[in-house]
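So that you can map any letter, position 228 of the sequence shown is 238 in the numbering used here, and since no number is skipped, the others follow by simple counting.
Glycine included, each C-beta is placed from N, C-alpha and C at the ideal position.
To keep things clear, I will list the structure first and then write my remarks on it.
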Amino acid sequence: MVLFSKRINAVVLFAFIGGVALFTMPAAGSNLDVSVDDWGATPEGHEIQLYTLSNKQGMTVQVTNYGATVVSVKTADRNGKIANINVGFDSLDGYLLSHPYFGATVGRYCNRIANGKFSINGTEYTLAQNNGDHHLHGGEKGYNRVVWSARVVRRLGGIGVEFSYESVDGEEGYPGNVSVTATYVLTNRNELVVDLQAETDQLTHVNLTNHNYWNLSGVGSGKIHDHVLQIEADHSLAVDAGLIPTGALLEVEGTPLDFRTARAMGAQIEKNDLDPNGYDHCFVLNSKGRRQTLAAAVTDPASGRVMKIFTDQPSLQFYTGNFLSGSEADGGNEYQTAFCLETQHFPNSPNNDAFPSTLLHPGNRYRHVTVHAFSAE
């Protein structure tokens with residue numbers, strides 16, 4: 011049942027991030043629309059909605075308040091054909107399974123924390139160990155498995171949905187009550203803006219990301235080996251067998267991790283002796299998170315679709331869907347038929363003083379903005 015469908019007309023001219031005008035707000039008659047549909051309920055009885063954002067170029071983005079999740083992203087190829095390029099499920103049922111974080115907001119801390127422990131001012135906190143001995147993506151019930159509140163917003167140059175969640179003290183072992191928002195905005199320039207924010211009432215660690223899986227040829231189009239990738243990174247993080255950073259930085263030059271010059275994802279994927287399964291590596295961005303800048307660009311030669319990622323975060327996790335098995339929980343998606351480019355802080359930063367800090371203080375605000383810009387050539 012469609013609850014509402016409303017065209018938004020905005021009059022604000024500019025949105026600012028870090029003092030720089032990045033996006034132009036839409037004028038009247040901009041054809042930026044949003045509609046919301048009932049999408050079922052969780053086993054606990056929480057009602058779930060599906061929001062559809064659309065722009066004047068025919069691009070649509072669907073998001074849901076379950077896990078503050080991106081469900082689909084539909085864009086045109088070089089011939090104007092629209093296809094979904096974001097891996098997800100057609101119904102809520104798939105997201106209620108133990109799926110691989112398709113499109114989800116991940117937190118309170120994305121990626122890994124060694125041995126599920128960290129200390130703040132001499133107090134040790136024990137987290138859920140849901141990845142062997144380690145803590146991964148917020149634990150057994152991270153932000154991807156909770157129901158968020160939602161409201162339609164006009165900001166960052168477009169129309170979107172702001173999801174909010176109150177993460178309580180002790181949740182998955184973390185200290186502090188944390189108020190979190192995850193906002194998804196679609197612009198008329200075919201940009202999907204992801205704005206993640208958090209505030210706390212006591213010292214805690216926060217590192218949020220969005221876990222979109224992409225196939226620019228269209229979901230179900232086969233392996234992503236021919237996608238051409240460029241990453242603005244001279245270094246990656248050295249990791250141990252459990253994918254925990256050792257603290258060392260590795261130069262990518264001359265290795266299978268060297269994407270400074272654009273090349274096919276599959277060109278050296280089998281030579282990647284750092285991980286025999288494929289790519290699952292954290293790249294240290296040259297900008298080091300000091301400003302909103304280009305982090306990566308992907309081109310699909312088959313469709314002509316291009317995705318550029320801009321972020322203010324210091325690192326980017328590149329993952330090639332190495333454990334997609336074609337199962338029901340994986341939405342039928344097979345091995346290496348989708349990729350992730352997750353903007354974030356370094357894994358295990360709470361246990362490595364040499365890494366940029368992820369410690370959030372009361373009175374301060376965590377903010378992470380990433381822009382996905384789509385085009386075709």
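**Study point:** Inter-stretch contact (C-beta, 8 Å, three-pair minimum) for the segment 266-285 and the segment 219-229
**Key:** no
Point to revise | Distance, residue 371 Cα to residue 379 Cα | key: 19 Å
Check your understanding: Which residues mark the beginning and the end of the alpha helix (DSSP H) in which residue 106 is found?
Key -> 102-106
Practice item. Under 7 Å Cβ to Cβ from residue 56, same chain only, skipping five residues before and after it: list those, please. Key: 157
Review point. Roughly how many whole angstroms lie between the Cα atoms of residue 302 and residue 208?
Key: 19 Å
Review point. Is it true that the segment 161-173 meets the segment 43-53, where meeting means three or more beta-carbon pairs spaced less than 8 Å apart?
Key: yes
Exercise for review: Would you decide whether residue 212 is buried or exposed? Buried here means 16 or more other CB atoms lie within 10 Å of its CB.
Suggested key: exposed
Review point. Below 8 Å between beta carbons: does that hold for residue 319 and residue 353?
Key: yes
Practice item. Taking all protein chains shown into account, decide if residue 299 is buried (16 or more other Cβ within 10 angstroms of its Cβ) or exposed. Key: buried
Check your understanding: Which residue comes first and which comes last in the beta strand (DSSP E) that contains residue 48?
Key -> 42-51
Review point. How big is the Cα-Cα spacing for residue 315 and residue 200?
Key: 12 Å
**Study point:** Closest by C-alpha distance to residue 243, when choosing among 296, 385, 73
**Key:** 296
**Study point:** Cα-Cα separation, residue 355 to residue 247
**Key:** 12 Å
Exercise for review: Excluding the 5 residues preceding and the 5 following residue 347 in the sequence, name in chain order all residues of the same chain whose CB lies nearer than 7 Å to its CB.
Suggested key: 225, 232, 233, 234, 331, 334
Review point. Run through DSSP, which three-state label would residue 254 get?
Key: coil
Exercise for review: Could I get the ranges of all uninterrupted alpha helix (DSSP H) runs contained in the segment 65-134, with 4 residues as the minimum, in chain order?
Suggested key: 102-106
Point to revise | Touch test, the segment 84-97 against the segment 59-74, Cβ-Cβ under 8 Å, three pairs minimum | key: yes
Check your understanding: By the 10 Å Cβ neighbour count, where 16 or more other Cβ atoms means buried, how is residue 178 classified, buried or exposed?
Key -> exposed
Check your understanding: Considering only residues of the same chain and omitting the five flanking positions on each side of residue 161, which have a CB-CB separation below 6 Å?
Key -> 172
Point to revise | Whether residue 148 touches residue 176 by CB criterion (8 Å) | key: no
Exercise for review: Would you kindly report the start and end of the unbroken beta strand (DSSP E) that includes residue 169?
Suggested key: 168-177
Review point. How would you write the range of the beta strand (DSSP E) that residue 321 sits in, first residue to last?
Key: 315-321
Practice item. Look up residue 384 in the DSSP assignment and give the residues it is bridged to. Key: 317
Review point. Taking the C-alpha atoms as reference points, what is the distance between residue 386 and residue 239?
Key: 15 Å
**Study point:** Opposing strand residues paired with residue 338 [DSSP bridges]
**Key:** Partner(s): none; residue 338 has no beta bridge.
Point to revise | Per-residue burial, residue 166 [other beta carbons within 10 Å of its own, 16 or more giving buried] | key: buried
Practice item. Would you kindly work out how many angstroms separate the C-alpha atoms of residue 127 and residue 262, rounded to a whole number? Key: 30 Å
Exercise for review: Please check the pair residue 153 and residue 215, which I expect to be a contact at CB under 8 Å, by giving their CB distance rounded to whole angstroms.
Suggested key: Going by Cβ atoms, the distance from residue 153 to residue 215 rounds to 14 Å, so no, they are not a contact pair.
Practice item. Look up residue 207 in the DSSP assignment and give the residues it is bridged to. Key: 191, 377
Review point. Using the C-alpha atoms, what's the distance from residue 256 back to residue 74?
Key: 37 Å
Review point. Considering only residues of the same chain and omitting the five flanking positions on each side of residue 163, which have a CB-CB separation below 6 Å?
Key: 170, 172
Check your understanding: Quick one: what's residue 224 bridged to in DSSP?
Key -> 96, 349
Review point. Which word fits residue 310, buried or exposed, when buried means at least 16 other C-beta atoms lie within 10 angstroms of its C-beta?
Key: buried
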